[in-house]
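Everything on this sheet refers to the single structure shown next.
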Amino acid sequence: MPFLRPPAARLCTGTGGRTKTAREGRSRRWGPVSVLETVPAGLVFLDYLGTAAFAASGCLVAGQAGMDTLGCVFVGTITALGGGTVRDVLLGRLPVFWFRETSFLLLSIGVGLATFFGSESLETVGLLRADALFLGDTLGLGAFAVVGAQAAISAAMPFSVCCLCGMLTATCGGLVRDVLVGRRNQGILYSGEGEAGALYAPTALAGAALYAGLVS
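For the sequence shown, position 16 (counting from the first letter as 1) is numbered 16 according to the UniProt record's numbering, and the numbering increases by one without interruption.
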């Protein structure tokens, strides 16, 4: 089933009982919608950046757990795509976004492979430092919170659902990652080591709420 775009709200013209849509009086038919159409153009880059950041972090966590190449790439891909998958299932947007936009899947796999085989080089240039990884996670978190909220807004969901979708998009991938590697989640269900970890999920929820409030 393709993504569905809900028909635009109808406004009464008050003349002859005729109606017109909110956009230039033209009715909109249900049809397939690309996931990239649901976010402003300026957020598309951040969406890809967040996907890459989460794929890398998931691969690194799996590597620390002793997984092989396939395991690391699989966990990295789940980390990057898991949140958006949960969001699309809840919104009834099937098939999920990475079935239709395979660039997200390919990017996740590519980044996972690059991270696994290039981990020593990345460590040499300082890209595996805790602060560098935290920056990547922060960018991904913010981007996914906004993208998730926008997806719910495009589906005409209420404000509370928009906030929830933003938080789920930003955090569910990390939850699944930690389940797969068998570690207690840090920063989402439990407080992390340090002040930042304890604010991970609430920050995503606050960001989604702020975005939904501004554009609603």
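Glycine is no exception: its CB is placed at the ideal position from the N, C-alpha and C atoms. Keep in mind the model is a prediction, meaning the values are calculated, not measured.
Using the Cα positions of residue i and residue j, report the straight-line distance between them to the nearest angstrom.
| i | j | result |
| --- | --- | --- |
| E101 | R183 | 31 angstroms |
| V215 | E123 | 41 angstroms |
| G142 | G112 | 21 angstroms |
| D178 | L94 | 26 angstroms |
| D68 | F159 | 42 angstroms |
| L91 | A145 | 15 angstroms |
| G118 | T138 | 22 angstroms |
| S154 | G66 | 41 angstroms |
| A41 | R129 | 31 angstroms |
| F54 | G213 | 26 angstroms |
| L133 | E120 | 15 angstroms |
| S103 | G50 | 13 angstroms |
| G174 | D131 | 18 angstroms |
Can you give me the Cβ contacts of residue i inside the same chain, cut-off strictly under 8 angstroms, excluding the 5 residues immediately before and after it?
| i | result |
| --- | --- |
| V176 | I78, T79 and G82 |
| V161 | A152 |
Contact defined as beta carbons within less than 8 angstroms: I believe residue i pairs with residue j. What is the distance between those atoms, to the nearest angstrom?
| i | j | result |
| --- | --- | --- |
| M167 | L205 | 4 angstroms |
| S57 | G136 | 7 angstroms |
| V181 | F116 | With a Cβ gap of about 14 angstroms, V181 and F116 do not count as contacting. |
Nearest to residue i by alpha carbon, out of the options?
| i | options | result |
| --- | --- | --- |
| D47 | A62, G148 and S121 | G148 |
| P202 | L164, A41, L60 and C59 | L164 |
| G76 | V96, L107, L91 and L90 | L107 |
| M157 | D88, A114, L180 and G207 | D88 |
| A52 | D131, G110, G174 and G213 | G110 |
Residues in its own chain within less than 7 angstroms of residue i by CB, not counting five upstream and five downstream?
| i | result |
| --- | --- |
| C172 | G82, G83 and V86 |
| A170 | G83, L141, F144, A145, G148 and A204 |
| L199 | none |
| C59 | C72, V73, V75, G76, G112, T115 and F116 |
According to DSSP, is residue i part of a helix, a strand, or is it coil?
| i | result |
| --- | --- |
| E101 | coil |
| V96 | coil |
| P202 | helix |
| G173 | helix |
| D68 | coil |
| S216 | coil |
| M157 | coil |
| V181 | helix |
| V86 | helix |
| L128 | coil |
| G50 | helix |
| G118 | coil |
Just to confirm my understanding: we take residue i, look at its own chain, exclude 5 residues before and 5 after, and list those with CB closer than 6 angstroms. What are they?
| i | result |
| --- | --- |
| L105 | W98 |
| G71 | A62 |
| V96 | T85 and D88 |
| A208 | A145, A149, C163, G166 and M167 |
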